[in-house]
Amino acid sequence: MAGMEWDFTGARERITAREWPADSPRWVALLAHGYGEHIGRYEYVADTLLRHGAVVYGPDHLGHGKSGGDRVLVHDFEEIVADLHTVEEHARERHPGLPVVLIGHSMGGMIAARYAQHHGDGLAALVLSGPVLGPWGAITALLGVEEIPDDPIDTATLSRDPAVGEAYAADPLVWHGPFKPTTVKAFDRCLSAIAGGGRLGALPTLWVHGEADELVPLRETRIGIEQIRGDDLTEILYPDARHEVFNETNKDEVLADVTTFATRHVGG
Numbered sequence: 008m009a010g011m012e013w014d015f016t017g018a019r020e021r022i023t024a025r026e027w028p029a030d031s032p033r034w035v036a037l038l039a040h041g042y043g044e045h046i047g048r049y050e051y052v053a054d055t056l057l058r059h060g061a062v063v064y065g066p067d068h069l070g071h072g073k074s075g076g077d078r079v080l081v082h083d084f085e086e087i088v089a090d091l092h093t094v095e096e097h098a099r100e101r102h103p104g105l106p107v108v109l110i111g112h113s114m115g116g117m118i119a120a121r122y123a124q125h126h127g128d129g130l131a132a133l134v135l136s137g138p139v140l141g142p143w144g145a146i147t148a149l150l151g152v153e154e155i156p157d158d159p160i161d162t163a164t165l166s167r168d169p170a171v172g173e174a175y176a177a178d179p180l181v182w183h184g185p186f187k188p189t190t191v192k193a194f195d196r197c198l199s200a201i202a203g204g205g206r207l208g209a210l211p212t213l214w215v216h217g218e219a220d221e222l223v224p225l226r227e228t229r230i231g232i233e234q235i236r237g238d239d240l241t242e243i244l245y246p247d248a249r250h251e252v253f254n255e256t257n258k259d260e261v262l263a264d265v266t267t268f269a270t271r272h273v274g275g
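Residues 8 to 275 (my numbering) are what the sequence shown spells out, left to right.
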């Protein structure tokens, strides 16, 4: 199911969000996508979640996909957290009483972690997929660089399935240019804020990561996880898997782990 789109006025620009509706959902899945991509790349994820009792929501973040703003330009990730909260509030209005599980990938995992520090009391569970946390070397290397090189991503680092990289490279809604200095500084501030923002307490948290992830290396994320981990953390690592575990050759295994975790914590 392709889902239904709507627009709202975000913290800075017009934001486009998507709902994948369900007839009798038992829980709400709230998705936060990664850097340079868009929520439309999560059709397979949404379909899997639907089949496990969820109604699914997610925005194109500011400057991404169909949302407004200069491409991949982020001044302050707190604004993106606020936009995501607007989507959650919309979902709760449409489905009062249903538990909410937040699922964030890569940059979306960073956003989800910060979101949980602000709004974790309202979540039933949190899923972090290859999250940008800790001392992310990709950003540290760009701090202070006046002219960031236009060095396209090696799409082979996304997944062992070459079709994933081919689709990514051909997707007009994906950003294929360089980082922007303002966004680099916003990443750095957000990671620092998360590191000092407190632990996740009793919030059930699942961390999934590909052991062969070169874009967001496991060793760097682990430092960030240790900074925020609460009392209920489940860690699952996938040997040989690359960055986009939801698009990997073993994606059904990964999504089975996610849905098992989520439905356990929403009472399904």
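We put the beta carbon where it would ideally sit given N, CA and C, even for glycine.
Whole-number beta carbon distance between Ser136 and Phe253, since they are thought to touch under 8 Å: 6 Å
Supposed contact pair Glu221 and Thr162 - C-beta distance, whole angstroms, cut 8 Å: About 12 Å; that fails the 8 Å criterion.
Bridge partner(s) assigned by DSSP for Trp34: The partner list for Trp34 (beta bridge, DSSP) reads Ala61.
C-beta atoms of Gly172 and Gln234 nearer than 8 Å: no
Closest by C-alpha distance to His112, when choosing among Glu242, His216, Thr16: His216
Buried versus exposed call for Asp14 [16 or more other C-beta atoms within 10 Å across all chains shown]: exposed
Exposed unless 16 or more other CB atoms sit within 10 angstroms - verdict on Asp67: By the beta-carbon neighbour count (other beta carbons within 10 angstroms, threshold 16), Asp67 is buried.
Bridge partner(s) assigned by DSSP for Asp14: Thr23
Beta-carbon proximity list for Ala209, same chain, < 8 Å, skipping 5 on both sides: Same-chain partners within the cutoff: Gly237, Asp238, Asp239.
Residues near Leu262 in its chain [Cβ-Cβ closer than 6 Å; skip 5 each side]: Thr55
Nearest candidate by alpha-carbon position, reference Lys73, set Gly43, His82, Ala89: Gly43
Outcome for Ile110 when other beta-carbon atoms lying within 10 angstroms are tallied against a minimum of 16: buried
Cα-Cα separation between Phe186 and Gly274, rounded to whole angstroms: Cα-Cα distance, rounded: 41 Å.
Minimum C-alpha distance to Gly231 - residue among Glu153, Ser166, Ala120: The closest CA to that of Gly231, considering only Glu153, Ser166, Ala120, is found on Ala120.
Inter-residue spacing [alpha-carbon to alpha-carbon] between Ala145 and Thr266: Cα to Cα, Ala145 sits roughly 31 Å from Thr266.
Span separating the alpha-carbon of Glu242 from that of Trp214: 5 Å
Boundaries (first-last residue) of the alpha helix (DSSP H) holding Ser136: Per DSSP, Ser136 lies in no alpha helix (DSSP H); the unbroken beta strand (DSSP E) holding it starts and ends at 132-136.
Start-to-end residues for the alpha helix (DSSP H) that takes in Gly217: First-last for Gly217: 212-217, but that is the beta strand (DSSP E), not the alpha helix (DSSP H).
Sheet register partners of Val108 (DSSP bridge): Ala36, Ala132
Within 8 Å, strictly: CB atoms of Val107 and Leu37: yes
Exposure label - Tyr51; buried when at least 16 CB within 10 Å: exposed
Exposure of Val191, with buried meaning 16 or more beta-carbon neighbours within 10 Å: Flag for Val191 reads buried.
Endpoints, alpha helix (DSSP H) assigned at Tyr122: 114-126
Simplified DSSP assignment, three categories, for Thr256: coil
Within 8 Å, strictly: CB atoms of Glu86 and Ser166: no
Contact under 8 Å by Cβ, Ala53 with Gly10: yes
Assigned exposure category for Val134 - 16 Cβ within 10 Å defines buried: Buried, by the Cβ-count rule.
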